[in-house]
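Chains as they are written, first to last, in my numbering: chain A, 1 to 566; chain B, 567 to 1132.
From the three backbone atoms N, C-alpha and C, an ideal C-beta is built for every residue, glycine too.
Just so it is clear, the structure is predicted and the values come from calculations on it, not from any experiment.
There are 2 protein chains.
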Amino acid sequence: MRIALAQINCTVGDIAGNCRKILAFTQRAKEQGAQLVVFPELSVVGYPPRDLLLKPQFVADNLRGLDLIASRVSGIDVIVGYAQRNETPVGRPLFNAAALLRDGKIVSRHFKTLLPTYDVFDESRYFEPGPACDRCNLVQIADTTAGLSICEDLWNDEKMVSRRLYHQNPIADLHAAGAQVLINISASPFVAGKHEFRLDLFGSQVKQFGRPLIYVNQVGGNDELVFDGNSVALDAAGNVIAQAKDFEEDLLIVDLHGNTGNATTTPHTHAHGAAAIYKALVLGLRDYVHKCGFKSVVLGLSGGIDSALTAALAVAALGKDKVVGVAMPSRFSSDHSIVDAEALAHNLGIAFHLVPIRSIHEQYENTLAPFFDRMARDVTEENLQARVRGALLMAFSNKFNHLLLTTGNKSELAVGYCTLYGDMCGGLAILSDVPKTMVYELSELINRQAACELIPRNSITKAPSAELRPDQTDQDSLPPYDILDAILHRYVEEEKGVSEIIAEGFDAPTVLRVIKLVDRSEYKRRQSAPGIKVTSRAFGYGRRMPIAQRYEQVMPRHGEPSPIQE
Amino acid sequence: MRIALAQINCTVGDIAGNCRKILAFTQRAKEQGAQLVVFPELSVVGYPPRDLLLKPQFVADNLRGLDLIASRVSGIDVIVGYAQRNETPVGRPLFNAAALLRDGKIVSRHFKTLLPTYDVFDESRYFEPGPACDRCNLVQIADTTAGLSICEDLWNDEKMVSRRLYHQNPIADLHAAGAQVLINISASPFVAGKHEFRLDLFGSQVKQFGRPLIYVNQVGGNDELVFDGNSVALDAAGNVIAQAKDFEEDLLIVDLHGNTGNATTTPHTHAHGAAAIYKALVLGLRDYVHKCGFKSVVLGLSGGIDSALTAALAVAALGKDKVVGVAMPSRFSSDHSIVDAEALAHNLGIAFHLVPIRSIHEQYENTLAPFFDRMARDVTEENLQARVRGALLMAFSNKFNHLLLTTGNKSELAVGYCTLYGDMCGGLAILSDVPKTMVYELSELINRQAACELIPRNSITKAPSAELRPDQTDQDSLPPYDILDAILHRYVEEEKGVSEIIAEGFDAPTVLRVIKLVDRSEYKRRQSAPGIKVTSRAFGYGRRMPIAQRYEQVMPRHGEPSPIQE
């Protein structure tokens, strides 16, 4: 059987555009002799549609889209993801569904069983799980019986997951019902290292049941999430026999021969580590800018590493003519900050403006002087500088219709080392899930790829500084970034407690200080721009913390009374 | 049986503080001769704990808190809500639980069956539903068999809900198992009209099963949510025999006599309509400020109705000595804006500062002139004024440690009639779920309650204006507020589609324009301050919309080709 894996870039809510794309890929698959073309999960509406699913009109439009696609199908079978109304009187109003289309008709409808409701996923908010049933997710394609599943259905493998969240394994059910081939349609977002885990997981499932697997994933950025594609076919022994491109649309043709599923194509290789993160950020940035209707971006260039990396990513995503850099020195800016910013703009070939903020900042201080009489300078005056810069950048954004990129990294955002309405201004926080240590790694990668110092060496080697007061450096307030990032990884991504982290050998006062900073900065993150998720726990949709809360982890000290005692 | 309904104000994460409060109320209940004291859902940790529940250390601390409470209980039975670990190897790692405590021990543990996962609720993210079982949620209190349920367990009534989300009705199960009295512990947040609905719902359940009901709700504000208390006891015929205070802590003693459950106390009355919204906003503001560790607030006073109402609410919540008003006139400000702002500050007795922004605004324009050469003035210059004000207010906030209140209402936030990093600056958006028409109603209510014009008449009667250009009024850009609010209610709260709204008699181009404005302003709302939920759908946690999306509802026009066609 010849199957086409249609790894398409869906735009959330663009039902008309997604349908056109599905029809165009179907036509290409047919021209290449495929008997079946498979599209990703919820491809008619784009993943994740979130609360658009609560609009009955949206669901109706998605069903019209499905009907229209079906009416145009001939000479090939099509599997496509969409949202199905739950017509029964009890339960959530929708199913996360797949339809088999053939000869102008919807042949059958199939429902997702396992609904991810963790991290960035909210599927139990919208969907009823598909009913348990014997053969209802089997489809007959030519002489092959295929077992259909949707994304999470494939993930409840007891050997591979640390805790099984669900009691069923739909893949075991499909196998028991007689599936000869497994087909999974997905919208599985990128996280560093996830595709390597996927291959292990898929191999485990395939070996357990001895059936080949066709896995079709969405590609492209939708808000915080970047879908990496990386669709694959595995033979019945668990070998990868075909792999689609990573971070690009693709139409992968696979010939499955008999039950063993040996195919004729050779797999692509996919990017690992920092190289994969780089691709995710570039795609996420490009899609966010374009899907929001912008063509160009503006950003502040401080001469530091974060803004340099952001600018380089923007050029890679949009082209140098679509990126504008603005340096905004204050009285505390060092000479090298302007020199390094200008060198970066020159290296990248982007527009560059120099807008000193001293006179505006002084005017603020003069205006406020009568009210701040005799009070010492403090963080107030530092923040004002950052806010002047934010307002200037937003003026460029408003006047020229550039999307403003904010340049802060995950380490800063975690501990609140950033100014709300200041350097946090922007429509997209491209580095908000990239720890500072990874900022350096990505910068070195970019220079290696360019085979020249695209990002000035001085921006990489100098001590990081916010330059909001004389001779300030980040390490006046924060532990060294390698220590900070190691603690943050354990606290934010791994949800480890204070004593666990200290037991790994970290300095106790440092751990307590970092954790307190993280907990107390929640109010800033609530108002931060959306970012691009690249780790297992990004700030934003996937981490939902209360603000007005008073949980404090205290180290258990021997013999002390419990903090609960009066 | 004498039962104490302990309607307490829990702070999220403050396990030590919540435990101390539970012990203090237990002591009071015992002194009043109660055999049983009942606390709200998850009262050990405060509701909603959100992703704190993902921290194993947090769950461990909550279990320690429960143990400590149990160890101190004697001479009275206690029912308290907490988070229980799911010790089985499969399923979500926690249960939403209630424990019965007696004589220093945890007698039994009971689990919530129905897990709300809609609007602001994410319980399927954390909890496994309690297993179906016959008698496991029955508890024996003296000679009475009580049936225990948790919040949502009581809500799946087929007569009262528009769609039953769940297949079970745990109350029917408790009745069938032999419960003589129903006890429900809740954390049910305020929404206008909800308590009236609750009474109908409870009456329906009670009449169906012929058992009295004890309902104990949390009170107090935790981030966006305000819990109204309003705990009640119903006799077996569905009559309210006792009602706790609304929007205040209370310890309500109820004597249930036999199965009919006739009691001796007289019910409190509770506030309705605008008066209930007023109480919710005052409590939500007070608790947010205090639970975040602030003592005082600052806000901009424009002379308009929104800032006047915000200031009046702040004075009611915190006292006049804890509120600072700042008027920041620009070259476009009318004389009356300063006069009205000053009159309001005088009426309320709050501190008042006058900080003209003209010189700072001019300095921005001078700085930007070389880059904006020959370009017409537009929204850029208007936004700059709002951003100067935002930065000045944040300077007052930073310097004096006041929480900044932002004053925008729901109507503005819906259509994006507000400036990001400008008038949207602030830690709490107290009116972000209050439509403009309700802003007027609340202002009139405050003046009636004060029996004087606390809010100046002129602020109520003059045409609303942002005063960002000469002679501007809101109605230059927006439909009249009564029309706008009616459309927004249908679109945002009721999720109605374009054609449905038009079919109700609204002008089609106006409806299309309003809806487009709402959809295109999502990026602003993503970065807005948390607000206080008072309607069935507030912006924030309860409405999760993608930003980079392209769904556009188009009116079906007869004979036109489908938008999906190429």
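is_contact[Asn703/B, chain A] using C-beta, thresh 9 angstroms: no
Every unbroken alpha helix (DSSP H) within the stretch 989-1061 of chain B, with a cutoff of 4 residues, ordered by chain: Correct list: 1002-1016, 1023-1027, 1047-1054.
Same chain, Cβ closer than 6 angstroms to Arg557/A, five either side skipped, listed in chain order: Note on Arg557/A: pLDDT 48, under 50, position unreliable in the model; the coordinate value appears next. Nothing listed; no residue qualifies.
Residues within the stretch 535-552 of chain A neighbouring chain B, beta-carbon criterion of under 7 angstroms: Hits within the stretch, in order: Arg543, Arg544, Met545, Pro546, Ile547, Ala548, Gln549, Arg550, Tyr551.
Where the alpha helix (DSSP H) through Phe934/B begins and ends: Note that residue 934/B corresponds to Leu in the displayed sequence, not to Phe. It spans 924-934 - the alpha helix (DSSP H) in which Leu934/B sits, taken as one unbroken run.
Terminal residues of the alpha helix (DSSP H) in which Arg64/A lies: For Arg64/A, the enclosing alpha helix (DSSP H) covers residues 56-72.
Presumed contact (8 angstroms Cβ cut-off) between Leu299/A and Ala280/A, rounded CB distance: With a Cβ gap of about 19 angstroms, Leu299/A and Ala280/A do not count as contacting.
Nearest candidate by alpha-carbon position, reference Leu851/B, set Phe938/B, Leu971/B, His902/B: Leu971/B
Proximity of Ile241/A and Val254/A at Cβ, strictly below 9 angstroms: yes
CB contact check: Val656/B to chain A, cutoff 9 angstroms: yes
Through-space distance from Arg525/A to Phe539/A, alpha-carbon basis: Distance between the alpha carbons of Phe539/A and Arg525/A is about 7 angstroms.
Min CB distance Ser899/B to chain A below 9 angstroms: no
Euclidean distance between Cα positions of His912/B and Phe372/A: 22 angstroms
Spatial distance of His272/A from Gly193/A (CA atoms): 7 angstroms
Test: His167/A CB closer than 9 angstroms to a CB of chain B: yes
With 16 other Cβ atoms within 10 Å as the buried cut-off, status of Lys159/A: exposed
Buried versus exposed call for Gly795/B [16 or more other C-beta atoms within 10 Å across all chains shown]: By the neighbour-count definition (other C-beta atoms within 10 Å, threshold 16), Gly795/B is a buried residue.
Chain A contact for Pro755/B (CB, 9 angstroms cutoff): no
Contacting residues, own chain, Cβ-Cβ under 6 angstroms from Asp340/A (five flanking each side not counted): Gly303, Pro456, Asn458, Ser459
Contact check, Val206/A vs Ala244/A, beta carbons under 9 angstroms: no
For Arg109/A, the nearest candidate out of Gly81/A, Asp122/A, Arg92/A (CA to CA): Gly81/A
Within 8 angstroms of chain B by C-beta, residues of the stretch 284-300 of chain A in sequence order: Asp287, Tyr288, Lys291, Cys292
Proximal chain A residues relative to Ala919/B, where beta-carbon distance stays under 7 angstroms: In the sequence under discussion, the amino acid at residue 919/B is His, which differs from the Ala named in the question. In chain order: Phe371.
Minimum Cβ-Cβ distance from Thr407/A to chain B less than 9 angstroms: So no, Thr407/A is outside the interface.
With 16 other Cβ atoms within 10 Å as the buried cut-off, status of Glu607/B: buried
N- and C-terminal bounds of the beta strand (DSSP E) containing Ile707/B: 704-707
Beta-carbon neighbours of Asp617/B, restricted to chain A and to distances below 8 angstroms: The answer, in chain order, is Arg543, Arg544, Met545.
Cβ of Phe1135/B within 9 angstroms of any chain A Cβ: No answer is possible for residue 1135/B: it lies beyond the span of chain B, which begins at 567 and ends at 1132.
Contact list for Gln771/B against chain A, beta-carbon separation under 9 angstroms: By Cβ distance, chain A contributes nothing, its closest Cβ being about 17 angstroms from Gln771/B, past 9 angstroms.
Inter-residue spacing [alpha-carbon to alpha-carbon] between Phe400/A and Lys976/B: 29 angstroms
Min CB distance Arg125/A to chain B below 9 angstroms: yes
Range covered by the beta strand (DSSP E) that runs through Ala799/B: Unbroken beta strand (DSSP E) run through Ala799/B: 798-800.
Short Cβ contact (9 angstroms threshold) for Ala649/B with Leu629/B: yes
CA nearest to the CA of Pro895/B, picked from Leu1020/B, Ala1032/B, Tyr1047/B, Pro1112/B: Ala1032/B
Which of helix, strand or coil DSSP assigns to Ala192/A: coil
Delimiting residues of the beta strand (DSSP E) encompassing Ile183/A: 181-186
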